[in-house]
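A.B. asks: In the order they appear, the protein sequences are chains A, W, V and U. If you read the first sequence in the working numbering, its first letter stands for residue 1, the second for the next number, and so on. If you read the second sequence in the working numbering, its first letter stands for residue 1001, the second for the next number, and so on. If you read the third sequence in the working numbering, its first letter stands for residue 2001, the second for the next number, and so on. If you read the fourth sequence in the working numbering, its first letter stands for residue 3001, the second for the next number, and so on. We treat Cβ as the ideally placed atom computed from N, Cα and C, and that holds for glycine.
4 protein chains.
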Amino acid sequence: MELGKVQQAAVACFAQRGFAATGIRELGSAVGLNSATLYHYVGGKEDLLLGIMNDCLSAMISGAKQALDGSTDPVRQLALLVAFHVGFTATNPSTARVTEYEMRALSPAARKQMQALRDAYEQLFADALQAGERQGSFSTADLGIARLALMEMGTGVSHWYRPDGRLSLAEVQLNFISLAMRILAVPDEFPLPPQQLPVPQVIASEPTSKD
Amino acid sequence: MELGKVQQAAVACFAQRGFAATGIRELGSAVGLNSATLYHYVGGKEDLLLGIMNDCLSAMISGAKQALDGSTDPVRQLALLVAFHVGFTATNPSTARVTEYEMRALSPAARKQMQALRDAYEQLFADALQAGERQGSFSTADLGIARLALMEMGTGVSHWYRPDGRLSLAEVQLNFISLAMRILAVPDEFPLPPQQLPVPQVIASEPTSKD
Amino acid sequence: MELGKVQQAAVACFAQRGFAATGIRELGSAVGLNSATLYHYVGGKEDLLLGIMNDCLSAMISGAKQALDGSTDPVRQLALLVAFHVGFTATNPSTARVTEYEMRALSPAARKQMQALRDAYEQLFADALQAGERQGSFSTADLGIARLALMEMGTGVSHWYRPDGRLSLAEVQLNFISLAMRILAVPDEFPLPPQQLPVPQVIASEPTSKD
Amino acid sequence: MELGKVQQAAVACFAQRGFAATGIRELGSAVGLNSATLYHYVGGKEDLLLGIMNDCLSAMISGAKQALDGSTDPVRQLALLVAFHVGFTATNPSTARVTEYEMRALSPAARKQMQALRDAYEQLFADALQAGERQGSFSTADLGIARLALMEMGTGVSHWYRPDGRLSLAEVQLNFISLAMRILAVPDEFPLPPQQLPVPQVIASEPTSKD
DNA sequence: CATGAATGAGAGTTCATTCAT
DNA sequence: TATGAATGAACTCTCATTCAT
């Protein structure tokens, strides 16, 4: 029995019922463990959540940074960020949702840490947008709103994307790049060839099936 | 002491800490009432939530339908819907968030009812989009994604809009109409004069200040 | 609205669900009264029970004493007592049962009072038995056991007697006299002509129908 | 700490104060356990009662059947049944009383189960009585009343029998056999030698002392 | 590595009772 | 006479957590 299995079960439960509504015994029986045994793998309920969120946000930041390496052009960078964000969210929907929703369940100290990571991640988008606007590539009434709208859109993917759905992951990514370009009034040529789309990784806490 | 006050306190708590993490005593003391007294006004914790969500979704549906009356042109209708959605969400951010987030906290029977209302609301958007596409006003790779992205964007407003913020409500509404038009590739003239923007109502359960 | 109605409703509930399991609101709605209004008629839940039991035991004692007046012969007196006891229990089954079962629900002080009444009632039987034995009319291995058995038997009538049942009240009374005579080894002639059977009264707290 | 101890404490409390009036904390402290710990041994308050009643009624049925094996003569069978009933009740007075009194505290489903057991037990008496009557051994005005009176008498033993009292258990048993024979007008020779009296067992839920 | 037993705290809910109206 | 509002205390039950085994 490894920590990953526990995290997967936790994420599955937290995504479905919420952190506060999920009992520690429930988690235990989901992995076939006595509730007391869980305390050998995780230091407590909050520690479990904190570990999951920390892994998730770290993966998002490092993944986004890696995606950014694909270009120095702000337009392409934004496209890469959007594609990564959508990709990550679609690949790790439960973990991403838990990470977003359950920030409030953390104690103040832990929340501050996680919020800092979240801010760092969002700053990557803000930077690309600002760079693009400075060089005149983007045109929008309010850059702040555009950024928030872009991120919210991408995050929303976790609500509906299914790997076996109508659209492939790459299609969804390209689609969202297209939406982003429109929002920013970038002329409608794809700034990114499909083979350059960031390929997201499944992280350890993401449950295999959403049942 | 009226039901509205109780609902407001409940929404404030539920939005901040979540339904499951909010105790009934906490709610009581938030309105200066003994926990037992709450049961004079409310049949139970879930009934309280259910009442709030039902009022909210009903207001959203009737408000959206009323907004739709402003025009028969799908493009303008979509603009009106977006403006209403953003307006409602910005005006009732806590209630809207609770209504969206806490669906999972409901018992299966109640959840089905509320989900039906939510579906009815979203269908209004789907209908306008489809009508517009049929008449060739919209151009997008995938209409489904576009709708989801639009709604998610609008819902996200509850996360950041402040009445005393940098932008007025009307500005935000117009901004989102503009985003929507870009997403749907409608040529960039505002389809709606500002004085035709739907003016959203504050519903009873929305707390006055977000303290 | 009179006290009697409240007592009847109370007895009906107490007999069915028990004193502790019956709520004051339940009683109120059974007579169409707000729970607070009940406090105009009765000083509290225990006072209500106490009043019922006091009335019942008083009626039993005075009824038994009156029955005793029918003869000075211990054998006939015992027959009269048995007939009265059975008659009273069959006529006021719910009140009699509540009076017997719920002694334990009383506070110590009140219990002592009621127990004293109960003891006085039972003493009437003990006296008749002793008198009969002294004059050699009864023959039994243990007079104490005989008395307890006799009373228990009679009390049990409340469990099964129905006014519209197979046997009339007089038949049941005669039957129990016969049983008593056998238990005490009195030769088998009826010591009591049917027209001398004590006719029991319905007391105020006895509910009309047992629904 | 075993289930039996918990049952004993429960029976002691239920017999004294009644099921509804007994709190779960009260039970816990009666066995020196935290109220939460009780739920390791018992699934809930009603489960606890149900278990006790089920054990008791099962023991009564099997004990009575075993007693019946002592003879094929209905008269002796009835004597054996009466002796067993009195013996069981005197040996397990609290459990027997709780089992009889608290049927009403059960939920409808559970009550039906227990009532069926109770009916099966009483049927054993009804069968013996009927068999005896068919062969002309019994003479009574009404067999139904006789049976009810017999059982009620025996059950009443729980109210007054004390192991250290004036009469030994065997004496009480013989006494009740004698009463039964008189009630049924069987000529007065003891149908049962004392050494054939059924010896009742103490069941697990019966508290050791009635303090 | 794993667990049953144990617990204090707290959950949602109902209680009998009071009181101003 | 009647009631809605209010409350402290208690209810049954579940929680996260600890610890000896």
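#1: Taking DSSP as the reference, what is the three-state secondary structure of L1003 of chain W?
#2: Determine, using beta carbons only, whether R3118 of chain U comes closer than 9 Å to chain V.
#3: Nearest to A2021 of chain V by alpha carbon, out of U:S3094, U:Q3123, U:G3032 and U:E3102?
#4: Run through DSSP, which three-state label would P1074 of chain W get?
#5: Please state whether DSSP places V172 of chain A in a helix, a strand or coil.
#6: Could you tell me the distance, in whole angstroms, from the CA atom of A2204 of chain V to the CA atom of Q2008 of chain V?
#7: Quick one: measure Cβ to Cβ for A3064 of chain U and L3081 of chain U, integer angstroms, because I've assumed they're closer than 8 Å.
#8: For Y41 of chain A, does the three-state DSSP call read helix, strand or coil?
#9: Go ahead and pull the three-state DSSP assignment for A2215 of chain V.
#10: With 16 other CB atoms within 10 Å as the buried threshold, where does T140 of chain A fall?
#11: If the cut is a Cβ gap below 9 Å, which residues of chain U does I2177 of chain V touch?
#12: Does F2019 of chain V come within less than 9 Å of chain U when only Cβ atoms are used?
#13: So L1179 of chain W packs on A1090 of chain W, CB below 8 Å; how close in whole Å?
#14: For the alpha helix (DSSP H) that T1099 of chain W lies in, which residues bound it at each end?
#15: May I ask you to list, following chain order, the residues of the region 118–135 of chain A that have a beta carbon less than 7 Å from some beta carbon of chain W?
#16: Between U:Q3173, U:I3183 and U:Q3201, which lies nearest to V3086 of chain U when the distance is taken from Cα to Cα?
#17: State buried or exposed for A950 of chain W, treating a residue as buried only when at least 16 other CB atoms are found within 10 Å of its CB.
#18: Using a Cβ distance threshold of 8 Å, determine whether the region 57–75 of chain A contacts the region 109–122 of chain A, with at least three qualifying pairs required.
#19: Which of the three DSSP states is assigned to I3024 of chain U in this structure?
#20: Whose C-beta lies closer than 7 Å to the C-beta of E133 of chain A among residues of the same chain, with five residues either side of it excluded?
#21: Spell out a yes or no on whether the region 1188–1197 of chain W and the region 3065–3073 of chain U are touching, meaning 3 or more CB-CB pairs, one atom from each, closer than 8 Å.
#22: Using CA coordinates, which residue listed in V:P2074, V:S2062 and V:R2097 is at the minimum distance from W2160 of chain V?
#23: Span of the alpha helix (DSSP H) holding Q1123 of chain W?
#24: Determine the contact status of P2200 of chain V and F2088 of chain V, defining contact as a CB-CB distance below 9 Å.
#25: Run down chain W in chain order and give the residues with a C-beta less than 8 Å from the C-beta of R182 of chain A.
#26: Which residues in chain A sit within 9 Å of G1156 of chain W, going by Cβ to Cβ distance?
#27: Should V3006 of chain U go down as buried or exposed, given a rule of 16 or more other Cβ atoms within 10 Å for buried?
#28: Would you mind stating whether M2153 of chain V and M3153 of chain U have Cβ atoms separated by less than 9 Å?
#29: Whose CA, out of U:G3004, U:E3026 and U:D3073, lies closest to the CA of A3131 of chain U?
#30: So what does DSSP say about V2157 of chain V, is it helix, strand or coil?
#31: Of all the residues that make up the region 1083–1113 of chain W, which are near chain A by a beta-carbon distance shorter than 8 Å?
#32: If we cut at 9 Å on Cβ distances, does G1144 of chain W have a partner in chain A?
#33: Using a 10 Å radius around the Cβ and a threshold of 16 neighbouring Cβ atoms, would you call N1034 of chain W buried or exposed?
#34: Which chain W residues sit within Cβ distance under 8 Å of L167 of chain A?
C.D. replies: Quick look at the numbers:
#1: For the purposes of this step, residue 1003 of chain W is taken as residue 3 along the second sequence, with counting starting at 1. Per DSSP, reduced to three states, the secondary structure at L1003 of chain W is helical.
#2: Locating residue 3118 of chain U in the fourth sequence gives position 118, counting from the first residue. Answer no: the Cβ-Cβ gap between R3118 of chain U and chain V never drops below 9 Å.
#3: Numbered from 1 along the third sequence, position 21 holds the residue referred to as residue 2021 of chain V. For A2021 of chain V, the closest of U:S3094, U:Q3123, U:G3032 and U:E3102 by C-alpha to C-alpha distance is U:E3102.
#4: Locating residue 1074 of chain W in the second sequence gives position 74, counting from the first residue. In this structure, P1074 of chain W counts as helix in the three-state DSSP scheme.
#5: The sequence position of residue 172 of chain A within the first sequence is 172, counting from 1. Correct three-state label for V172 of chain A: helix.
#6: Residue 2204 of chain V sits at position 204 when you count from the first residue of the third sequence. Residue 2008 of chain V sits at position 8 when you count from the first residue of the third sequence. Approximately 7 Å, taken between the alpha carbons.
#7: Here residue 3064 of chain U is taken as the residue at index 64 of the fourth sequence, counted from 1. Here residue 3081 of chain U is taken as the residue at index 81 of the fourth sequence, counted from 1. Correct: roughly 6 Å between the Cβ atoms.
#8: As a first step, residue 41 of chain A must be located in the first sequence, where it is residue number 41. Shown here, Y41 of chain A sits in a helix according to DSSP, grouped into three states.
#9: With chain V covering 2001 to 2211 only, the question about residue 2215 of chain V has no answer from this structure.
#10: The residue given as residue 140 of chain A occupies position 140 in the first sequence. So T140 of chain A ends up on the buried side.
#11: Start at 1 with the first residue of the third sequence, and residue 2177 of chain V comes out as number 177. Contact note: I2177 of chain V does not reach chain U at a C-beta cutoff of 9 Å; the least C-beta distance is about 10 Å.
#12: By one-based count along the third sequence, residue 2019 of chain V stands at place 19. Yes, its Cβ sits closer than 9 Å to a Cβ of chain U.
#13: Residue 1179 of chain W sits at position 179 when you count from the first residue of the second sequence. Residue 1090 of chain W sits at position 90 when you count from the first residue of the second sequence. In fact, because the Cβ distance is near 15 Å, the residues do not count as touching under 8 Å.
#14: To locate residue 1099 of chain W, count along the second sequence from 1; it is residue 99. Its alpha helix (DSSP H) spans residues P1093 to Y1101.
#15: Going along the region 118–135 of chain A in chain order, one finds no residue with a Cβ nearer than 7 Å to chain W.
#16: The residue labelled residue 3086 of chain U in the question sits at position 86 within the fourth sequence. Considering only alpha carbons, the answer is U:Q3173.
#17: Summary: the structure shown does not reach residue 950 of chain W, with chain W confined to residues 1001 through 1211, and so no result is reported for it.
#18: Enough Cβ pairs lie closer than 8 Å, so yes.
#19: Indexing the fourth sequence from 1 puts residue 3024 of chain U at position 24. Shown here, I3024 of chain U sits in a helix according to DSSP, grouped into three states.
#20: If you number the first sequence from 1, residue 133 of chain A lands on position 133. Around E133 of chain A: L143.
#21: Counting Cβ pairs under 8 Å, fewer than three are found: no touch.
#22: As a working note, residue 2160 of chain V is residue 160 in the third sequence. Looking at the Cα atoms, V:R2097 is the closest of the given residues.
#23: Along the second sequence, one-based indexing puts residue 1123 of chain W at 123. In the DSSP assignment, Q1123 of chain W falls within the unbroken alpha helix (DSSP H) covering P1108 to R1134.
#24: For this step, residue 2200 of chain V is matched to residue 200 along the third sequence. For this step, residue 2088 of chain V is matched to residue 88 along the third sequence. Against a cut-off of 9 Å, the Cβ pair of F2088 of chain V and P2200 of chain V comes out as a contact.
#25: By one-based count along the first sequence, residue 182 of chain A stands at place 182. Correct list: R1182, I1183 and A1185.
#26: Residue 1156 of chain W sits at position 156 when you count from the first residue of the second sequence. Those are L148, A149, M151, E152, M153, T155 and G156, listed as they occur along chain A.
#27: Working through the fourth sequence from its first residue, we reach residue 3006 of chain U at position 6. V3006 of chain U comes out buried.
#28: Position 153 of the third sequence, counting from 1, holds the residue named residue 2153 of chain V. Position 153 of the fourth sequence, counting from 1, holds the residue named residue 3153 of chain U. Yes, Cβ-Cβ distance for M2153 of chain V and M3153 of chain U is below 9 Å.
#29: Translated into the one-based positions of the fourth sequence, residue 3131 of chain U becomes position 131. Selected option, being the one with the closest Cα: U:D3073.
#30: The residue labelled residue 2157 of chain V in the question sits at position 157 within the third sequence. It is helical.
#31: Listed in sequence order: Y1101, R1104 and A1105.
#32: By 1-based counting over the second sequence, the position of residue 1144 of chain W is 144. G1144 of chain W has a beta carbon lying within less than 9 Å of a beta carbon in chain A.
#33: Start at 1 with the first residue of the second sequence, and residue 1034 of chain W comes out as number 34. It is exposed - the Cβ of N1034 of chain W has fewer than 16 other Cβ atoms within 10 Å.
#34: Translated into the one-based positions of the first sequence, residue 167 of chain A becomes position 167. For L167 of chain A, the neighbours in chain W by C-beta distance under 8 Å run, in chain order, D1142 and I1145.
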